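First up is the structure itself, then whatever we jot down about it.
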Amino acid sequence: KLHSDLDKGVGTVKYTLSGDGAGTVFTIDETTGDIHAIRSLDREEKPFYTLRAQAVDVDTKKPLEPESEFIIKVQDINDNEPKFLDGPYVASVPEMSPVGAYVLQVKATDADDPTYGNSARVVYSILQGQPYFSIDPKTGVIRTALPNMDREVKEQYQVLIQAKDMGGQLGGLAGTTTVNITLTDVNDNPPRFPKSIFHLKVPESSHVGSAIGRIRAVDPDFGKNAEIEYNIVPGDGGNLFDITTDENTQEGVIKLKKPLDFETKKAYTFKVEASNLHLDHRFHSVGPFKDTATVKINVLDTDEPPVFSKPMYIMEVYEDTPVGTIIGAVTAQDLDAGSSSVRYFIDWKNDVDSYFTIDATEGTIATNELLDRESTAQYNFSIIASKVSNPLLTSKVNVIINVLDVNEFPPEISVPYETSVCENAKPGQVIQTVTAADKDLSPAGQRFSFRLSAEASNKPNFTVHDYRNNTAGIETRRNGYSRRQQELYFLPVVIEDSSYPVQSSTNTMTIRVCRCDSDGTILSCNVEAIFLPVGLSTGALIAILLCIVILLVIVVLYVALRRQKKKDTLMTSKEDIRDNVIHYDDEGGGEEDTQAFDIGALRNPKVIEDNKIRRDIKPDSLRFPRQRPPVEDNTDIRDFINQRLQENDVDPTAPPYDSLATYAYEGNGSVAESLSSIDSLTTEADQDYDYLSDWGPRFKILADMFGEEESYNPDKVT
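Below, the structure written as structure tokens:
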């Protein structure tokens, strides 16, 4: 309220107001001087206003007093809650820190007047995050409340902090903020290998300096605390390999220092040690911060064929299984560095192999036809695996497929036994062990039982002892047997199987009584041998056999010599066989003699002559018959002879000796006319033989003989 001493209350004074908020926030009554607030005030927005007031005369408008200045101060009330201007907060603290370790200090601001009452007095508390952390209520400092908090167990914590004014009293306003606290890592964990042995396969063709494998030790720590250094412990093979650390993955990279040779050494074994680079001495009591593992390296031979997972595969399938049913699979892999794909196929050898098919890629074996176990109980064939990259590299494995069946047939004695018993046998003596066989394919665990038949159980001669392992023993039941009284005993043995339905059979065994020595060695089993005083000794038998062998050798040698003499008589001269003259004492009958040879061979050109070898000489090499073109029908015999003549002229395999061929029919219009001297009107001296020179090289010797007269030379033989 404003009032001037000159104001007498008669309305002659007027009050005016100017300054901060005049007319907008504050207004004045011009007559009374009362100042009123025309809107709500906020101390936090403007704590005070500076105004100027003046009293003027209403009539003259002149100031009655000098202008005066005054301040209107806004009084504070608790209308603002504390606020965390920097929230939410992010903080970190090392793991395994002791209790009371400093984490972070938070601060809340209250816009109320701190000088007036408790409106701006803030108290801090934790709403969420206990019992891991605590906060100072006055300063807002957050500290750890639990010891040995492990980052590997829990790394992130979210703490909710409250700030309340009025000193935390009831009715005070509160504000909250979130503090995300992360436990930072310390090197409190040593590296550990997940397994004690690492197996690596390295081709012998690997280059020196190349990485051949990786191993890794696990360190649950983080950052530099998880950095691992690998070292090879000196030992077997350590000088051939080196190991370094991959900084990105912290793996140990094993590299080759020297070349490998599969034929020299196929495997190497050494130890690798993993340790931390940055150690924290506070945690030495935990244990050594290192670990060791064994590395086994197998050297692989290069470019090898695929290797099957098993040396042999045995499969089972029930008979009458539908066609196309998969009964098993074979697996082969390429162990070479290239790791080529593998293709499978059946090694076909006979029609039996067609009962099955194999998938070329997967190696699965399926039926291709219906199977009958009674026809074939087992199939044995081979599977070939080849590399796609090199089909010439193949490997083979045997596959045995057993056809299963229901129990249809009874078991029987596996083989016919020739059982004998000594005359001097004692009771309870085992004279034969028998086994059984079943035409059915026995399932796993099938057992055979043996016993005597009912009619034989009462006889005191023999008994059957079942060993309960699919075998049984034939035992004697009395003291001594006589061959003269009874030479043969027939023992009925009943054999049962354990399948369903149970099948059984009665098998009769024949037991022969024999004469034995005191040690049980059989001397004779025939009744007639009892009456023979003595037999041939072993030495005598050997001597008889030797004599027979010697006689056979003599007979063979004699026959061989006789054959050799027959061969030698065919060739008595060491000179060239072409210089020999073979004399024949048979005188030909001329053209009229048709009994000496078949004249039809010349008259029928279509007759093919056999390839006959001359017996008067020894051929140098075996000659194959010449292929002669067929002779056309109705061809004149002259053309036939000329054709044969031309063939002998150009044939390089023809014998280099003269050969005399006699032809019964000489053809029409022969240039040489008849070669026979019979009915010839001229003598040999009157004839002209110059035309023989025109007949080719085959008649050269004949032309030389008749072409010129020369004296007889007994040393020259033609």
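If you're matching positions, the sequence shown starts at 6 in my numbering and goes up one per residue. Ideal placement from N, C-alpha and C gives every residue a C-beta, glycine not left out. Model, not experiment: these values are computed from the prediction.
Item: For Arg517, name the three-state secondary structure that DSSP assigns.; Value: strand
Item: Check whether the segment 306 to 321 and the segment 238 to 258 touch, using three or more Cβ-Cβ pairs below 8 Å as the test.; Value: no
Item: For Leu46, name the three-state secondary structure that DSSP assigns.; Value: coil
Item: Keeping to the same chain, check which residues put their C-beta closer than 6 Å to that of Leu707; ignore five residues upstream and five downstream.; Value: Leu697
Item: Could you give the first and the last residue of the continuous alpha helix (DSSP H) run that contains Asp12?; Value: No alpha helix (DSSP H) contains Asp12, which DSSP labels as neither H nor E.
Item: Can you tell me whether DSSP reads Phe645 as helix, strand or coil?; Value: helix
Item: By alpha-carbon positions, which one of Glu417, Thr481 and Asn474 ends up nearest to Gln434?; Value: Thr481
Item: Using the three-state DSSP reduction, which class does Ser529 fall into: helix, strand or coil?; Value: strand
Item: What's the call for Tyr349, buried or exposed, on a 16-neighbour Cβ count within 10 Å?; Value: buried
Item: Starting from Leu165, follow the beta strand (DSSP E) in both directions and report where the run begins and ends.; Value: Gln161 to Lys169
Item: Pick helix, strand or coil for Tyr318, following the three-state DSSP scheme.; Value: strand
Item: Return the CA-CA distance between Leu284 and Asp266, expressed in angstroms with no decimal places.; Value: 41 Å
Item: Taking DSSP as the reference, what is the three-state secondary structure of Gly540?; Value: Unreliable placement is indicated for Gly540, whose pLDDT of 49 sits below 50; no coordinate value is reported for it.
Item: Can you tell me which of the three DSSP states Ile82 falls into?; Value: coil
Item: For Gly228, count the other beta carbons within 10 Å of its own beta carbon; 16 or more makes it buried, fewer makes it exposed. Which is it?; Value: exposed
Item: By how many angstroms is the C-alpha of Glu72 removed from the C-alpha of Leu56?; Value: 10 Å
Item: Between the segment 274 to 281 and the segment 230 to 245, are three or more C-beta pairs nearer than 8 Å?; Value: yes
Item: Go ahead and pull the three-state DSSP assignment for Arg219.; Value: strand
Item: Using a 10 Å radius around the Cβ and a threshold of 16 neighbouring Cβ atoms, would you call Ala365 buried or exposed?; Value: exposed
Item: Nearest-angstrom Cα distance between Ala168 and Gly145?; Value: 9 Å
Item: Take the Cβ of Phe645 as the centre, count every other Cβ of all protein chains shown within 10 Å, and call the residue buried at 16 or more, exposed below.; Value: buried
Item: Can you give the beta carbon distance from Asp502 to Asn412, rounded, assuming they're within the 8 Å contact cut?; Value: 7 Å
Item: Mind listing, in chain order, the continuous beta strand (DSSP E) runs of no fewer than 3 residues lying wholly within the segment 206 to 289?; Value: 216 to 221, 233 to 238, 246 to 250, 256 to 261 and 272 to 281
Item: Going by beta carbon distance, what residues of the same chain come within less than 6 Å of Gln255, once the five residues before and after it are set aside?; Value: Ile233
Item: On the DSSP letters alone, give me the boundaries of the beta strand (DSSP E) that Ala441 sits inside.; Value: Val435 to Ala442
Item: Return the chain-ordered list of same chain residues with a C-beta closer than 7 Å to the C-beta of Tyr472, the five sequence neighbours on each side being excluded.; Value: Gly478
Item: Report the partner residues of Lys401 according to the DSSP bridge assignment.; Value: Ile389
Item: When you compare only the Cα positions, how much space is there between Asn85 and Val30?; Value: 22 Å
Item: Opposite Tyr20 in the DSSP bridges: which residues?; Value: Ala60
Item: For Lys112, does the three-state DSSP call read helix, strand or coil?; Value: coil
Item: With a cut-off of 8 Å on the beta carbons, I'd call Thr372 and Val328 a contact; round off their distance for me.; Value: 6 Å
Item: Would you mind working out which of Asp115, Ala125, Arg126 and Tyr162 sits nearest Tyr137, comparing C-alpha positions?; Value: Tyr162
Item: In the structure shown, what three-state DSSP assignment does Phe711 receive?; Value: helix
Item: Should Glu423 go down as buried or exposed, given a rule of 16 or more other Cβ atoms within 10 Å for buried?; Value: exposed
Item: Using the Cβ count rule (16 or more neighbours within 10 Å means buried), how would you classify Asp377?; Value: exposed
Item: What separation, rounded to the nearest whole angstrom, lies between the Cα atoms of Thr381 and Ala442?; Value: 16 Å
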